[in-house]
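Residue numbers (the working numbering), protein chains in the order written: chain A, 1 to 287; chain B, 288 to 692.
Beta carbons are placed, not taken as given, at the ideal position from N, Cα and C, and that holds for glycine.
Owing to the predicted nature of the structure, the values given are computational and were not obtained by experimental measurement.
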């Protein structure tokens, strides 16, 4: 296809790309602008101020980061810490559990394998909102209500099916030859899993870790039901939602908090996005 | 193939999958069993507590288990017990359908979609011909025309009104289906358009544009706070109205208007979802061998011909499962709506609001009205539907799997 491109068609295409770039960026840009506006309002009546920074102060950031919870400032850093701990633990647990199950489903042929895979998906389709009550009751009975451990358990099992499928899809694409060679040299299944398959599956591991972490970092419903109080136990999402539903909403602080929560997500996501395409088309979607 | 037999193999396999099985048993299978049991009881705010002398209750209710007994609640109200008749919650939920009028209206609505099914069938048959006599686009267009003709003929609007008066369940079900039908084509269209442009060899700065386009996907991970931001654009003095005011138009308060609120949650869902579709489509596009286009060009095929005869059929295997998958997640959408409208605006207390999709409805019923028994039945019905959808998506994936190998 070495034809010279039609100039008008190219212009239209660039135009479409630009318009959608603006749409994709604007909401994030909007919060960044709002976070730099002094006073507790998210928007301004100065139209220009909705698009370019006409004023800027770090007041909101100061309040969010160095606020004093004793006078009623939200304990934002504690929330962030909680979220990080919960999401991080979920990621580690998920990587340990899901990859081993995925390896078993990909490499071993055993009775009930096909059925198990289908049932996994089927059980997963039970809507999460509706299993809240039994899960909450169970965790309460186990004494894990209002504890991060309960939340981690719930998150981990919630992401298990998806991550197992993702990893299995990737293991399926790795040829078996290396492991067979390993077996001839006396490699057991555990060794061939840890020493051969896992290092080869690094892109899929990255995607799995990303999804597991995000599942914990951004989840709201479970966290709001399982750890509704006290303030210093909440995760960032629950805390932010609470701020946004107060009587006098401190929107400035909300915006600053949102920026602090979203920027790491963006960085990690954009850094790992080169893996996304391969990881998804090979694993998740193909099933 | 790792192939040894006997106990050693069984133990190894078990060791690999035991943690996953345990997790699923506790957090997936147990809630399903529990919910199914609750769905045949009259548990609600007046009968919240278990009666541990009933066998099934003592088996399924954690507070009845010996280990956990210390925390058993013994509050006000009588303990819940099985309904009489046992399927009471289900008939309560679906009672609207027992009414002949509503049932007829539902049939009429479903009948309106028959032309589309027929079009699909006709297309499948035409595909088997060596040279197609009619292009697939025309058949689909015919099906669509049939849909609108039938809708007018059978008074679909009236039928919809009848159904919305026949009980919450059907209302929220229909609204959610409408939501999915509105969202999926839009985000698919946007994703396809962007993917086609980004796959164009002549476009420069592709990497930068791709990174920018993926931002909403990253933002969708924190959907609850991002949606809180989004609702600001739709406020009376929000970005949209401020821009409109510059050209002299006074926009409404979008989220207080039932129709606009619905449009708003569709737009936001499209914003969250198109990057995923775009990534999938791009991956599929890049797998198409350029020789095929060159051959088509030699044969004098136009851009449109190449799109409909090469591109679309070849990306179908990868894209179809993704479409089904995102339809299911759109159906189950909760956070975005919850943060933006909370299910409102409502016409009156007790009726579901204009953006109250199934999951929002369920959440409200469980945590605000505490009608556990009724919602148990709701959960079981939802589960059956979603289970069927999942099996269908699995079949689609299985069918299209061969395309890669």
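Exercise for the section: Report, in whole angstroms, the separation of the C-beta atoms of residue 551(B) and residue 541(B), which I expect to be a contact under 8 Å. Expected result: The C-beta distance from residue 551(B) to residue 541(B) rounds to 5 Å, short enough to meet the 8 Å contact threshold.
Problem - Within 8 Å, strictly: CB atoms of residue 149(A) and residue 349(B) - result: 8 Å or more divides the Cβ of residue 149(A) from the Cβ of residue 349(B).
Exercise for the section: Mark residue 332(B) as exposed unless 16 or more other C-beta atoms lie within 10 angstroms of its C-beta, in which case mark it buried. Expected result: Residue burial annotation: residue 332(B) is exposed, with fewer than 16 other C-beta atoms found within 10 angstroms of its C-beta.
Practice task
Give a yes or no on whether the minimum CB-CB distance between residue 24(A) and chain B is below 8 Å.
Solution key: True, the Cβ-Cβ gap to chain B drops below 8 Å.
Practice task
Flag residue 242(A) as yes when its Cβ comes closer than 7 Å to any non-hydrogen atom of the ligand FAD, and as no otherwise.
Solution key: For the structure depicted, the ligand FAD is absent and the ligand set is empty, with no information on it obtainable.
Practice task
Return helix, strand or coil for residue 228(A), following the three-state DSSP convention.
Solution key: Residue 228(A) falls in the coil class under three-state DSSP.
Practice task
Just the C-alpha distance for residue 523(B) and residue 529(B), rounded to the nearest angstrom, thanks.
Solution key: Roughly 8 Å separates the two Cα atoms.
Exercise for the section: Figure out for me which residue from 588(B), 437(B) and 562(B) has the closest Cα to the Cα of residue 498(B). Expected result: Comparing Cα positions, the closest option is 562(B).
Problem - Straight-line Cα distance separating residue 258(A) from residue 244(A) - result: Looking at the backbone, the Cα of residue 244(A) and that of residue 258(A) are separated by about 11 Å.
Exercise for the section: Could you give the DSSP three-state label for residue 250(A): helix, strand or coil? Expected result: In this structure, DSSP gives residue 250(A) a state outside helix and strand, which the three-state scheme calls coil.
Problem - Residues from the region 237–264 of chain A in contact with chain C, defined by Cβ distance under 7 Å - result: Here chain C cannot be found, since the structure's protein chains are A and B.
Exercise for the section: Decide yes or no for the touch test of the region 478–497 of chain B against the region 406–415 of chain B: beta carbon pairs closer than 8 Å, at least 3 of them. Expected result: No: fewer than three Cβ pairs fall under 8 Å.
Problem - Contact check, residue 62(A) vs residue 501(B), beta carbons under 8 Å - result: Not a contact, by the Cβ cut-off of 8 Å.
Handout entry: Interfacial residues, the region 149–174 of chain A to chain B, with Cβ spacing under 8 Å
Key = Of all residues in the region 149–174 of chain A, only 153, 154, 156, 157, 158, 160, 161 and 164 come within less than 8 Å of chain B when Cβ atoms are compared, listed by chain position.
Practice task
Determine the DSSP secondary structure at residue 369(B), reduced to helix, strand or coil.
Solution key: DSSP places residue 369(B) within a strand segment (E or B) once states are collapsed to three.
Exercise for the section: Taking residue 376(B) and residue 126(A) to be in contact with their CB atoms under 8 Å, please state how far apart those CB atoms are, rounded to whole angstroms. Expected result: The Cβ separation is near 17 Å, so there is no contact.
Problem - Length at least 4, wholly inside the region 542–570 of chain B: the alpha helix (DSSP H) runs in chain order - result: Fully enclosed alpha helix (DSSP H) runs of 4 or longer: not present.
Practice task
Could you tell me the distance, in whole angstroms, from the CA atom of residue 7(A) to the CA atom of residue 572(B)?
Solution key: About 23 Å.
Handout entry: Per-residue DSSP class, three states only, for residue 713(B)
Key = Missing from the structure shown is residue 713(B); chain B here goes from 288 to 692 and no further.
Handout entry: Contacts of residue 62(A) in chain B (Cβ-Cβ under 8 Å)
Key = Think of a sphere of 8 Å around the beta carbon of residue 62(A): no beta carbon from chain B falls inside it, the nearest being about 20 Å out.
Practice task
State the CB to CB distance for the pair residue 60(A) and residue 252(A), rounded to an integer number of angstroms; the pair is presumed to be in contact (CB under 8 Å).
Solution key: Yes, residue 60(A) and residue 252(A) are in contact; Cβ-Cβ is about 4 Å, under 8 Å.
Exercise for the section: Check the Cβ-Cβ distances between residue 596(B) and every residue of chain A, and say whether any is below 8 Å. Expected result: Proximity of residue 596(B) to chain A, defined by a Cβ-Cβ separation below 8 Å, is not satisfied.
Problem - Proximal chain B residues relative to residue 233(A), where beta-carbon distance stays under 7 Å - result: From the beta-carbon of residue 233(A), no residue of chain B is found nearer than 7 Å; the closest lies around 18 Å away.
Handout entry: Buried/exposed call for residue 210(A), threshold 16 Cβ in 10 Å
Key = By the Cβ neighbour-count rule, residue 210(A) is buried, with 16 or more other Cβ atoms within 10 Å of its own.
Problem - Cβ-based burial, residue 639(B) [other Cβ within 10 Å; buried from 16] - result: Label assigned to residue 639(B): buried.
Handout entry: Contact set between residue 67(A) and chain B, taken where Cβ atoms lie within less than 9 Å
Key = Going along chain B, no residue has its Cβ under 9 Å from residue 67(A), so there is no contact; the nearest lies around 18 Å.
Problem - Alpha carbon of residue 622(B) to alpha carbon of residue 378(B), nearest angstrom - result: Taking the straight line joining both Cα atoms gives about 29 Å.
Problem - Interface flag, residue 333(B) vs chain A, CB-CB below 8 Å - result: For residue 333(B), the nearest beta carbon of chain A is not closer than 8 Å to its own beta carbon.
Problem - C-alpha gap between residue 90(A) and residue 38(A), whole angstroms - result: Spanning the two alpha carbons is a distance of roughly 37 Å.
Exercise for the section: Tell me whether the beta-carbon of residue 163(A) lies closer than 8 Å to the beta-carbon of residue 208(A). Expected result: Against a cut-off of 8 Å, the Cβ pair of residue 208(A) and residue 163(A) comes out as a contact.
Practice task
Answer with yes or no whether the minimum CB distance from residue 52(A) to chain B is below 8 Å.
Solution key: Proximity of residue 52(A) to chain B, defined by a Cβ-Cβ separation below 8 Å, is not satisfied.
Exercise for the section: Check whether the region 641–652 of chain B touches the region 75–91 of chain A, taking contact to mean three or more Cβ pairs, one atom from each stretch, closer than 8 Å. Expected result: Not touching, per the Cβ criterion.
Practice task
Would you identify the three-state DSSP class for residue 328(B), choosing helix, strand or coil?
Solution key: Residue 328(B) falls in the strand class under three-state DSSP.
Exercise for the section: Whole angstroms is fine: what's the gap from residue 671(B)'s alpha carbon to residue 67(A)'s? Expected result: Cα-Cα distance, rounded: 49 Å.
Practice task
Measure the alpha-carbon distance for residue 122(A) versus residue 26(A) and round it to whole angstroms.
Solution key: One C-alpha to the other measures close to 38 Å.
Problem - Contact set between the region 465–491 of chain B and chain A, restricted to residues whose Cβ is under 7 Å from the partner - result: Along the region 465–491 of chain B, the positions whose C-beta sits under 7 Å from a C-beta of chain A are 480, 481, 484, 487, 488, 489 and 490, read in chain order.
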